[in-house]
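Its first residue numbered 8, the sequence shown is counted upward by one per residue in my numbering. All C-beta atoms, glycine included, are put in the ideal place defined by N, C-alpha and C.
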Amino acid sequence: MATALSLKRMAPELSVFIVDPGRRTPSVGEGLPPPAGPVLKELGLWEDFQAQGHLEAHHTRAAWGTPDLNANDYLYLGKGWGWTINRPAFDRLLWARARICADAMIGGRLTGLRQQRTGWRAIVDGQNIEARAIIDATGRAAAVGRLLGLRPVHTDRLIAVVAEATVELQGETGVTVDAAPDGWWYSAPTGPGHRVWAWLTDSDLLSGQPVGEPARWKEALRSSHAMSSLAQGAHFSNRRIVPAMTQRLTVSDETSMFLSVGDAGSCFDPASSQGIVKALRSGLFAGYALYDCLVKGDSQALRRHRAYGAAEFAAYQSQHRIHYSAETRWPDRPFWHRRNGDMQATEVNPS
């Protein structure tokens with residue numbers, strides 16, 4: 008959606024079609040760091056975002072490399088403040104604005120793509136649509152890229168066991184993280200009286216862990232002092248397991264009028280706190296690239312966007328290694344041993 012918003016703000020004369028299959032699973036991710044503010048403003052979403060009343064977050068707290076919770080204060084670091092958001096409400100805002108800016112919302116599923124001299128022929132439930140450029144914004148599934156024969160490369164097996172809860176007291180308004188021998192805990196408020204919890208571990212390590220069994224969720228939560236204190240009086244629901252592994256989609260044909268944005272292009276570890284803002288920024292910059300290419304005739308614009316994505320991912324991998332290497336309490340446990348080794352270009356089977 009961010010690409011459509013970005014492009015139409017700069018080039019309203021261009022036609023933008025959004026293919027909507029109509030089936031969306033609830034998104035996970037509640038933290039917006041301070042850099043999200045300028046991106047939301049550039050996309051024209053700032054006022055509507057503020058009107059939704061998301062909770063301001065002035066810091067994050069983490070017991071990482073130490074049993075003690077330490078606060079990372081945004082204001083002290085000169086970053087302003089972030090937000091812990093009501094994700095369903097935020098996603099509804101994005102879709103509502105996308106519907107307004109798009110020239111057409113096409114219901115159906117993209118079933119085929121054929122590259123032509125002037126761009127693409129897309130097949131949506133048997134209907135042919137001509138397009139000069141195609142954007143994959145299908146999230147982690149990278150469905151459009153897969154139609155082109157591309158496959159995301161995974162560098163780990165990270166999953167998240169997620170549960171929502173109503174709580175008696177709001178308590179801490181920022182994100183709280185607590186490292187443990189076989190993974191790490193995450194919790195954030197999602198609105199008055201509501202929080203979300205997640206246990207992050209590798210898919211092959213989940214079997215045998217108490218958190219992997221619904222009946223033993225609270226037992227597992229009590230193993231973390233930071234999490235159990237936030238969960239007092241909590242009533243859990245909607246427990247589910249979602250993928251959280253690092254992945255990247257590499258486009259082999261540098262000349263094609265195709266871009267992958269957001270999680271379709273790359274997925275970062277949730278510990279980076281960049282998921283939502285990265286997706287918005289990626290879409291915003293894709294809009295810039297398409298404008299330069301389609302309106303200004305810059306033949307290198309899409310190549311530069313792909314190069315930016317590759318550089319961003321390389322920088323993320325470097326920071327990822329630094330972040331995980333700060334936790335040294337369990338060097339022989341598989342979860343931490345894997346992350347403190349070489350992650351450069353290792354492809355793994357996430358299952």
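Taking the straight line between their C-alpha atoms, what separation do you get for residue i and residue j?
{"i": "Ala43", "j": "Gly272", "result": "19 Å"}
{"i": "Leu155", "j": "Thr257", "result": "11 Å"}
{"i": "Asp132", "j": "Ser236", "result": "50 Å"}
{"i": "Leu266", "j": "Gln239", "result": "46 Å"}
{"i": "Ala222", "j": "His242", "result": "13 Å"}
{"i": "Gln326", "j": "Gly152", "result": "27 Å"}
{"i": "Ser13", "j": "Gln134", "result": "27 Å"}
{"i": "Ala70", "j": "Gly119", "result": "47 Å"}
{"i": "Pro40", "j": "Ala205", "result": "19 Å"}
{"i": "Asn93", "j": "Pro338", "result": "36 Å"}
{"i": "Phe320", "j": "Gly348", "result": "18 Å"}
Would you call the CB atoms of residue i and residue j closer than 9 Å?
{"i": "Ala9", "j": "Val268", "result": "yes"}
{"i": "Met264", "j": "Arg139", "result": "yes"}
{"i": "Thr91", "j": "Thr197", "result": "yes"}
{"i": "Ala233", "j": "Asp189", "result": "no"}
{"i": "Gly114", "j": "Pro28", "result": "yes"}
{"i": "Gly60", "j": "Ala195", "result": "no"}
{"i": "Ala308", "j": "Ala296", "result": "yes"}
{"i": "Arg202", "j": "Ala172", "result": "yes"}
May I ask you to report which of helix, strand or coil DSSP gives residue i?
{"i": "Gly190", "result": "strand"}
{"i": "Val218", "result": "helix"}
{"i": "Ser267", "result": "strand"}
{"i": "His66", "result": "strand"}
{"i": "Thr10", "result": "helix"}
{"i": "Asp110", "result": "coil"}
{"i": "Arg164", "result": "coil"}
{"i": "Ser283", "result": "Contrary to the premise, residue 283 reads as Ile rather than Ser in this sequence. Note: Ile283 maps to helix in three-state DSSP."}
{"i": "Gln351", "result": "In this prediction, Gln351 has a pLDDT of 43, which is less than 50 and means its spatial position is unreliable; what the coordinates show is noted afterwards. Of the three classes helix, strand and coil, the one that applies to Gln351 here is coil, per DSSP."}
{"i": "Val184", "result": "strand"}
{"i": "Val23", "result": "coil"}
{"i": "Ala155", "result": "The sequence given here has Leu at residue 155, not Ala. Note: Leu155 maps to coil in three-state DSSP."}
What does DSSP give as the partner residue(s) for residue i in the beta ladder?
{"i": "Glu137", "result": "Arg128"}
{"i": "Asn77", "result": "Ala69"}
{"i": "Val203", "result": "Glu171 and Ala195"}
{"i": "Gln123", "result": "Gly126"}
{"i": "Cys274", "result": "Gln254"}
{"i": "Arg247", "result": "Val169"}
{"i": "Thr91", "result": "Gly38 and Leu62"}
Q: Determine, using beta-carbon pairs with one atom in the region 241-251 and one in the region 162-170, whether at least three such pairs fall under 8 Å.
A: yes
Q.
Does the structure place the region 13-30 close enough to the region 58-67 that three or more beta carbon pairs sit under 8 Å?
A. Verdict: no, contact absent.
Q: May I ask you to verify whether the region 142-155 touches the region 215-235, counting CB pairs closer than 8 Å and requiring at least 3?
A: no
Q. So, do the region 275-283 and the region 300-312 have three or more beta carbon pairs nearer to each other than 8 Å?
A. no
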